[in-house]
Each structure stands twice: as structure tokens, then as C-alpha cells.
Amino acid sequence: MEKMIIHGGVPLSGRVVLSGSKNAALPIMMASLLTDEPVRIRNAPRLRDVRTAIDLLSRLGVEAGWAGEHELVLRAARIESHEAPYDLVKTMRASFCVLGPLLARSGRARVSTPGGCAIGARPVNLHIAGIRALGARVQLRGGYVEAHADSLTGARIWLDNPSVGATENIMMAAVLARGRTQIENAAREPEVQDLARLLNGMGARIRGAGTHVIEIEGVARLHGVEHEIIPDRIEAGSMMVAAAITGGDVEIANAPAEHLDAVIVKLREAGVEISSNGNPGLRVRRRGELRPVELRTLPYPGFPTDLQAQMMALLTQAAGTSVITETIFENRFMHAPELIRMGGDILMKGPTAVVRGPTRLSGAPVMATDLRASMSLILAGLAAENTTELSRVYHLDRGYEALDAKLSSLGARIERVKDGR
Ligand code: EPZ
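Here our numbering is used: the first residue of the sequence shown is 5, the next is one more, and so on.
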């Protein structure tokens, strides 16, 4: 195991380049199952979750590997297995999105249900309802979803809530179905839009990605494609908070500002100066006092749940009382007790956390519980006096590529060491 050691108190400055989006790369990798031709993916992030996806796809018979520092080539010439085993789906929920493409490509799939995780129960009922609507016969047996479909037929599908994964799974099943599919109340996230762009590049006929209604005209087959992944908006938001919490001045070279409206508005409300100097990218600095804000996480384009933990760390430094409401996941405040140990003044009541500040943060040994909670503790460590030790760094490595190197290049005093435990 490894841990991160952070010596806080250094205002970050300089320029950082974001990696490709984890949450775009994962479903896009699964989409390679839909054709027997090569799918070439550029700007793919070197993450633990991408390695897990390569492992899973290889077990299904996909030739999957790196063709460059950030370039993947995937080729599902033939499907050799239709099973996504529990051990892989448990470690990475996004694995469940092989269900749709496996069904569309070869009419059957046996995929473990992901089960809950640290942040919530995370059911897959909307995924299952969607592929049933397309004509698949689905049963749940021994913790696995077993699905069969001689053929899939387009349907009108309503999602009770705009689930990102369900939208992606259903979209990847529908592209080879007969006729038209409408996904209503679809997720609008940029990662869903990037997947639709990839699928259309493969010959699919998808309209409306990024809106509440996605229309898909089924086609007979899909072909290979080359695609570049969008920059990671959650890494962008995390770096923006890093600049803000340390009172720094950072240029984020390839920040996808068009995917960050809610984040930019909220950070400006908190007193952070954000400017785009004409070319792509954002300049983020904070010189004065941070102000408290009210924050509700919402489906895109609302404030992203994946940046809630990072904002909580920042708001411990705001002069006043902030209120954070988490509306997407039922248990996504695990970072709060660790922030309290570092000096945060946070009161939790159900889906709401009240954060009073500013409080002095002091470094402490803390433990990561999930990916974004880990980032929250790193951010607090950057602002804290003396030293913070974050254990279970593997959580961080799931979703942030070379984070310690990126932060060090901005002046942070951070190092990764072996954890004796
Ligand atoms: C995606 O997860 C992201 N992961 C998550 O990012 C992100 O937090 C989440 O979307 C919300 O934006 C990837 O894209 C790989 P959902 P997903 O289905 O698709 C409920 C990170 O840190 N729901 O939109 O699993 C569910 O319980 C990760 O990068 C059902 O009830 O999220 C949750 O409350 C964490 N039934 C809500 O919908 C279903 O069938 C949103 O979940 C599916 C979901």
C-alpha cells in the first residue's frame, strides 16, 4: 500500500494540463464491443479504472492495450466470453456497462450486479428496465443479471431519474436494435455526449445527446473509429479548488469551461477569481477572503456530486456558514469526519452538511474511503499547517492520473511513499 504525505501552506502557482475524462473513457471503452473493427482512443487517462476496464474487456476476448502514452486500441474481433465477473464489477461499477453492448453484439450477457459501494446502494434497476423495454429477457440469479435477446427492438424508455450509467447502457444496446429508441429524462452529462459522439463516429445514428431526450435509429452494424476523449471536468474542478484553497494562482491549460458552468458560478460566488484568457483553459486565483455559499448537487448541468467533497474542504475556509445538500447519493459525506479531524467545523443532518468557517486546518493521519473523498482530504492537506498523511491512496489512483506530480509542478510539497502497514 502507499500513502501520500502533504506539507501544507504553499499557495499553488503555475500551469497544469488535465488528463482525459475517466467517466467518458470507461463507457467508450465498453463501446468497442459493438464492432469487430479497431477502436482507437486518444487522450485516454492512465488510471487504475482504465486498467480494470482493459482487464475486463480482455477477458471478454477484446484485444485491448496501449498504443501510446495516452492512446488505447481496442478490437473485439470476436466475443469469447459473455460474462463480467463479480470480482471486477465489484471493484469498478462502470463494468456493468458491458451489458448493453454485449447484448447488442451477440444477444446474451451475464453481468454481476455491482452491489453497493461506499457512497450508496447504487442499484441498477433503471439499466435492467431499459434493456427489458428493448426486448431482452432478463433474470437475476446468484447476484448476476442474465440477459438474452435474439434481437432488440427500439422502444420509448422513461428513466425515473437521469442515471448516467443507465443512459449509457441503454444507448449502447439501442444502436443495433431494429427501429427507433427514445430515452426520455436521459442524463445530459458531457461524458454521455462524448459516448454518443464516439458511437456516431462508428456509424450509429444518435440525436439529442446532452438533452433530456435522446433518439437512436438502430443500424445493422457499426465500424471502427478514432476518437479523442474530452478533458476531465472533475479533475478540472478539483484543480480549481486546489488553487482556491491555497490562495494560489493557477492556469488550467485545457479546462473544459463549457462543462463547468455551475462550478465556475459557485466558485466565483465564494470569492474565487476565474478568467478565461481567450484561448482554451481557465486561470484560477484567490487573493481575498473566501465567502460561504449554499450548494446543492444535481444532475448535469447542475453542480456535480463528484465535486461536493472537494467543495466541502474549501468551504471550511470560508468566512461564514455554508450549507451543502447532496441529492444524488445517500451516503456521500464520508470525507466529513476526516475533515473534522483536521479542524473542520461540519455538522451533518441527513443529506445536508452545515460548514462553518474559517477554521484552521492542521495536518493529521487520515484515511481515504472513496475516490472523491480522497481528493477532498488532499485539498485540506494542501491548506493545513504541518503534515497530512493520507493512506489507501489506491482510491485516488482510480480517478486521478499522476496527481502528486501535477500538484508538485504547481509548487505543492507532496510525496508518495510506501505505507508500512
Ligand atoms: C456516474 O455513476 C459516475 N461514474 C459517477 O462518478 C457519478 O457520481 C454519477 O454518474 C453521478 O453523476 C461513471 O460515469 C463511471 P447514476 P453512475 O446512475 O452512472 C441512482 C466518480 O467519482 N440509480 O447517474 O453509477 C443511483 O443510486 C463516480 O467518478 C438508480 O436508482 O451514477 C444514484 O443515486 C462516482 N437506479 C443516482 O441514480 C439505477 O439503475 C445517480 O446514479 C441507476 C442509478
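For each residue, glycine too, the CB sits at the ideal point set by N, CA and C. Just so we're clear, the structure is a prediction, and the values are computed from it rather than from any experiment.
Beta carbon of residue i, beta carbon of residue j: below 8 Å?
i, j, result
"Gly139", "Ala153", "yes"
"Gly4", "Glu334", "An answer regarding residue 4 cannot be provided, because it is not within the stretch 5 to 425 covered by the chain."
"Met346", "Ser366", "yes"
"Glu393", "Lys7", "yes"
"Val54", "Phe100", "no"
"Gln321", "Gly361", "yes"
"Ile32", "Ile233", "yes"
"Val267", "Met244", "yes"
"Pro49", "Glu405", "yes"
"Ala240", "Ala259", "yes"
"Ala368", "Met316", "no"
"Pro303", "Gly24", "no"
"Glu150", "Arg114", "yes"
"Ala435", "Ile332", "Residue 435 lies beyond the range of the chain shown here (5 to 425); nothing can be said about it."
"Ala257", "His216", "no"
"Gly222", "Val179", "yes"
"Ala88", "Leu107", "no"
"Leu92", "Thr56", "yes"
Under 6 Å Cβ to Cβ from residue i, same chain only, skipping five residues before and after it: list those, please.
i, result
"Glu277", "Arg289"
"Ser242", "Gln314, Met379"
"Leu130", "Leu163, Ser167, Ala170"
"Asp423", "Met5, Glu6, Lys7, Ser395"
"Ala137", "Ala159, Ile161"
"Ala384", "Ala317, Leu343, Met346, Leu365"
"Arg192", "Gly214, Tyr304"
Starting from residue i, trace the alpha helix (DSSP H) in both directions and tell me its first and last residue.
i, result
"Leu319", "312 to 319"
"His399", "398 to 403"
"His152", "Here His152 belongs to no alpha helix (DSSP H); instead the beta strand (DSSP E) covers 148 to 152."
"Pro260", "Per DSSP, Pro260 belongs to no alpha helix (DSSP H) and is neither H nor E."
"Leu343", "339 to 345"
"Arg237", "237 to 249"
"Leu30", "26 to 34"
"Val327", "Careful: Val327 lies outside any alpha helix (DSSP H), inside the beta strand (DSSP E) at 324 to 329."
"Ser413", "407 to 413"
"Arg201", "194 to 205"
"Ala133", "129 to 137"
Which same chain residues end up closer than 7 Å to residue i when comparing Cβ atoms and leaving out the 5 residues on each side of it in sequence?
i, result
"Gly415", "Val14, Leu16, Ser17, Gly18"
"Glu172", "Pro31, Cys101, Val196, Leu199"
"Ile426", "Because residue 426 is not part of the residues shown, which for the chain are 5 to 425, the question remains open."
"Thr250", "Val14, Pro15, Leu16, Leu386, Ala387"
Return the Cβ separation of residue i and residue j in integer angstroms, given the expectation that the two are a contact with Cβ distance under 8 Å.
i, j, result
"Leu76", "Val66", "Incorrect: roughly 11 Å between the Cβ atoms, too far for contact."
"Thr373", "Ala122", "5 Å"
"Arg109", "Leu37", "5 Å"
"His231", "Ile58", "With 8 Å as the limit, His231 and Ile58 do not qualify as a contact, their Cβ atoms being about 16 Å apart."
"Leu299", "Ile328", "5 Å"
"Leu22", "Gly403", "About 12 Å; that fails the 8 Å criterion."
"Ser326", "Val297", "5 Å"
Identify the residues that DSSP records as bridge partners of residue i: which are they?
i, result
"Val276", "Bridge partners of Val276: none, in fact."
"Lys7", "Val421"
"Thr157", "Arg182"
"Ile350", "Val359"
"Gln143", "Glu150"
"Ser395", "Met371"
"Gly124", "Cys121"
"Asp253", "Ser17, Arg289"
For residue i, which residues in the same chain have their Cβ closer than 8 Å to its Cβ, ignoring the five residues on either side in sequence?
i, result
"Leu411", "Leu16, Ala246, Ile382, Leu386, Ile418"
"Ser155", "Gly111, Gly139, Ala181, Arg182"
"Gly292", "Gly275"
If we cut at 8 Å on Cβ distances, does residue i have a partner in chain B?
i, result
"Ala387", "The structure shown contains no chain B, having only a single protein chain."
Could you check where the beta strand (DSSP E) with residue i kicks off and where it finishes?
i, result
"His231", "229 to 232"
"Arg79", "75 to 79"
"Ser17", "17 to 20"
"Val66", "Taken as a continuous stretch (DSSP letters only), Val66 belongs to no beta strand (DSSP E), as it is neither H nor E."
"Val217", "217 to 221"
"Glu298", "298 to 300"
"Ile45", "43 to 46"
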